[in-house]
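Under our numbering, the first residue of the sequence shown carries the number 16, and numbering increases by one thereafter.
Glycine residues also receive a C-beta, built at the ideal position from the N, C-alpha and C atoms.
As the structure is a computational prediction, the values presented were derived from the model and not from experiment.
Here's the structure, in structure tokens; my notes come after.
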Amino acid sequence: MRIAVIGTGYVGLVTGTCFAETGNQVICVDIDAKKVEKMKNGVIPIYEPGLEELFLRNSNEGRLKFTTSLSEGIKDAQVIFLALPTPPGADGSADLKYILKVADDLGPILENYVVVIDKSTVPVGTAEKVQAAIAKNAKVEFDVVSNPEFLREGVAVEDFMKPDRVVIGTKSDKAKAVMTKLYAPLVRQGNPVIFMDERSAEMTKYAANAFLATKITFMNEIANLCEKVGANVDDIRRGIGTDSRIGKRFLFAGIGYGGSCFPKDVQALEKTSKENDYDFKILKAVMDVNENQKTKLIPMINEYFGGDLKGKTFAMWGLAFKPYTDDIREAPALYNIDALVEAGATIKAYDPEAMPNVEALVGDKITFTSGPYEALKDADALLIMTEWPQFRTPEFEVMNVLLKNKVIFDGRNLYELDEIAEKGYTYYSIGRETVNSKQ
Ligand code: UDX
Numbered sequence: 016m017r018i019a020v021i022g023t024g025y026v027g028l029v030t031g032t033c034f035a036e037t038g039n040q041v042i043c044v045d046i047d048a049k050k051v052e053k054m055k056n057g058v059i060p061i062y063e064p065g066l067e068e069l070f071l072r073n074s075n076e077g078r079l080k081f082t083t084s085l086s087e088g089i090k091d092a093q094v095i096f097l098a099l100p101t102p103p104g105a106d107g108s109a110d111l112k113y114i115l116k117v118a119d120d121l122g123p124i125l126e127n128y129v130v131v132i133d134k135s136t137v138p139v140g141t142a143e144k145v146q147a148a149i150a151k152n153a154k155v156e157f158d159v160v161s162n163p164e165f166l167r168e169g170v171a172v173e174d175f176m177k178p179d180r181v182v183i184g185t186k187s188d189k190a191k192a193v194m195t196k197l198y199a200p201l202v203r204q205g206n207p208v209i210f211m212d213e214r215s216a217e218m219t220k221y222a223a224n225a226f227l228a229t230k231i232t233f234m235n236e237i238a239n240l241c242e243k244v245g246a247n248v249d250d251i252r253r254g255i256g257t258d259s260r261i262g263k264r265f266l267f268a269g270i271g272y273g274g275s276c277f278p279k280d281v282q283a284l285e286k287t288s289k290e291n292d293y294d295f296k297i298l299k300a301v302m303d304v305n306e307n308q309k310t311k312l313i314p315m316i317n318e319y320f321g322g323d324l325k326g327k328t329f330a331m332w333g334l335a336f337k338p339y340t341d342d343i344r345e346a347p348a349l350y351n352i353d354a355l356v357e358a359g360a361t362i363k364a365y366d367p368e369a370m371p372n373v374e375a376l377v378g379d380k381i382t383f384t385s386g387p388y389e390a391l392k393d394a395d396a397l398l399i400m401t402e403w404p405q406f407r408t409p410e411f412e413v414m415n416v417l418l419k420n421k422v423i424f425d426g427r428n429l430y431e432l433d434e435i436a437e438k439g440y441t442y443y444s445i446g447r448e449t450v451n452s453k454q
């Protein structure tokens, strides 16, 4: 098939590259000329494990091309993906200006029947708006389909190539046939392609993300209560996660969810509820709890240092909102940096991927180190913000020498309590008792 992908952000680039990998001819369109030039020269603008290899192979073999011209990009296309940004507006709702602008531009230049696919996470009713915007000037038949993506950063290629399910919102049989053919190579294991109307497909995406954000937040609240009643949230997690109705995943308590999707989507769904005169109480609580959870370690740090952090130096392990990404959007680390620097502390941070992004954002507010151990030198304590696997089994003998105090504030519950007690550390974590080791 001939496919055009409009927008080469994270979703667009993964979509374009993966569909090229399944043998389609893909042209990616972006208005950023510099970015397009780079991609033409084989430079991939995002970090995502496994994507670069596919990007290069499909570019070299001529199935993946790039252009700044919309009309060149969509020429002879059978499907057009819209993978454009939908940033939250001032009131929390998704801003559709980029999508509707492209829809306006598409109308007059369509030359043959085409399926236009909303891939971005968009509020309920957007497919109808896109349909109307194209229809204003279209001279040919077309369908607009809602096809939300469920990619997780860090494992996006795998999620794309082996989706748990594909959700397709359309009432048109012609569009259904095109979409079935397009996704056939990805669902050969038997995972379902679920057809529904456009509004339900749009709602499915929000429901999925809001549910997962709520699941995490529920565990964060259980963790907060565990601290008060003297229970261990990790045991609770194992105790309930084995119930197949609950499931093992997304039950990890920590310093809150971040990233480009959960915060934005929970906020947008709450906005949609409000607009429709529905008071979605759980969502408001989820946002509220998550906001507090991000800086949950700060009172613990204050308690340990007697409320005075002026002149203290903290080693920070992890900056990205989760492992295997350089994405720092809504990352808890940023909130902790702000709070600690505000209190007069100094931070030396290490993250395997996200340091350039944090440096671009905060400048010389903090310093960065070339490895995790360099950050520990003369630090008053270690703070863990992201559960990169390399932090899970560190060399405690090396740490003992570098750290001024054997104290760890762990926002991701990386270590077992008995293990850390045996190493002689004072250890604060989430939803578990504090290990107090005399220094
Ligand atoms: C999410 C959805 O999973 C994906 O389907 C959607 O398309 C985009 O949003 P992503 O934001 O990449 O993907 O990350 P995800 O792995 O879902 O993690 C989201 C956040 O939840 C992270 O901040 C993570 O640290 C946090 N989290 C996750 C927890 O705090 N506890 C958990 O048990 C799981």
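Between the C-alpha atoms of residue i and residue j, what's the straight-line distance to the nearest angstrom?
| i | j | result |
| --- | --- | --- |
| D342 | E374 | 12 Å |
| P163 | M315 | 40 Å |
| Y198 | R427 | 37 Å |
| E20 | E437 | The sequence as given places Val at residue 20; Glu does not occur at that position. Cα to Cα, the separation comes out at about 55 Å. |
| E389 | T310 | 24 Å |
| T136 | E217 | 7 Å |
| V44 | G22 | 6 Å |
| R167 | C276 | 9 Å |
| F265 | V450 | 25 Å |
| L417 | I270 | 26 Å |
| N206 | K186 | 21 Å |
| L349 | D119 | 38 Å |
| G77 | G57 | 12 Å |
| E126 | F157 | 10 Å |
| Q405 | F424 | 17 Å |
| V145 | K154 | 16 Å |
Say the cut is 7 Å; is the CB of residue i nearer than that to a heavy atom of the ligand UDX?
| i | result |
| --- | --- |
| S275 | yes |
| R260 | no |
| I231 | yes |
| N307 | no |
| K392 | no |
| R167 | yes |
| L201 | no |
| G22 | no |
| E164 | yes |
Is it buried or exposed for residue i, if we count other Cβ within 10 angstroms and need 16 for buried?
| i | result |
| --- | --- |
| P102 | exposed |
| D91 | exposed |
| Y365 | buried |
| R407 | exposed |
| N291 | exposed |
| I381 | buried |
| A148 | buried |
| R447 | buried |
For residue i, tell me which candidate among the options has the shortest Cα-Cα distance.
| i | options | result |
| --- | --- | --- |
| I352 | V51, A147 and L398 | L398 |
| I237 | P100, V301 and V202 | V301 |
| A346 | G88, T401 and F210 | T401 |
| L97 | L69, A105 and V129 | V129 |
| M464 | F424, P278, G31 and L69 | Since the displayed the chain opens at 16 and closes at 454, residue 464 lies outside it and no answer follows. |
| E368 | P64, D212 and G38 | P64 |
| D212 | A171, A142, K243 and N239 | A142 |
| S385 | G184, P371, G378 and L376 | P371 |
| Y443 | R260, I313, I362 and F411 | I313 |
| F81 | K55, N75 and I95 | K55 |
| P338 | G321, V281, E318 and Y272 | Y272 |
Can you name the start and end residues of the alpha helix (DSSP H) that residue i belongs to?
| i | result |
| --- | --- |
| V377 | M370 to V377 |
| I352 | P347 to E357 |
| L266 | Looking at the DSSP string, L266 is not in any alpha helix (DSSP H), and its letter there is neither H nor E. |
| F157 | Unbroken run through F157 is the beta strand (DSSP E), F157 to S161; no alpha helix (DSSP H). |
| T441 | First-last for T441: T441 to Y443, but that is the beta strand (DSSP E), not the alpha helix (DSSP H). |
Where do the ends of the beta strand (DSSP E) carrying residue i lie?
| i | result |
| --- | --- |
| K363 | T361 to Y365 |
| Y388 | Segment P387 to L391 is the alpha helix (DSSP H) holding Y388; no beta strand (DSSP E) there. |
| I423 | V422 to D425 |
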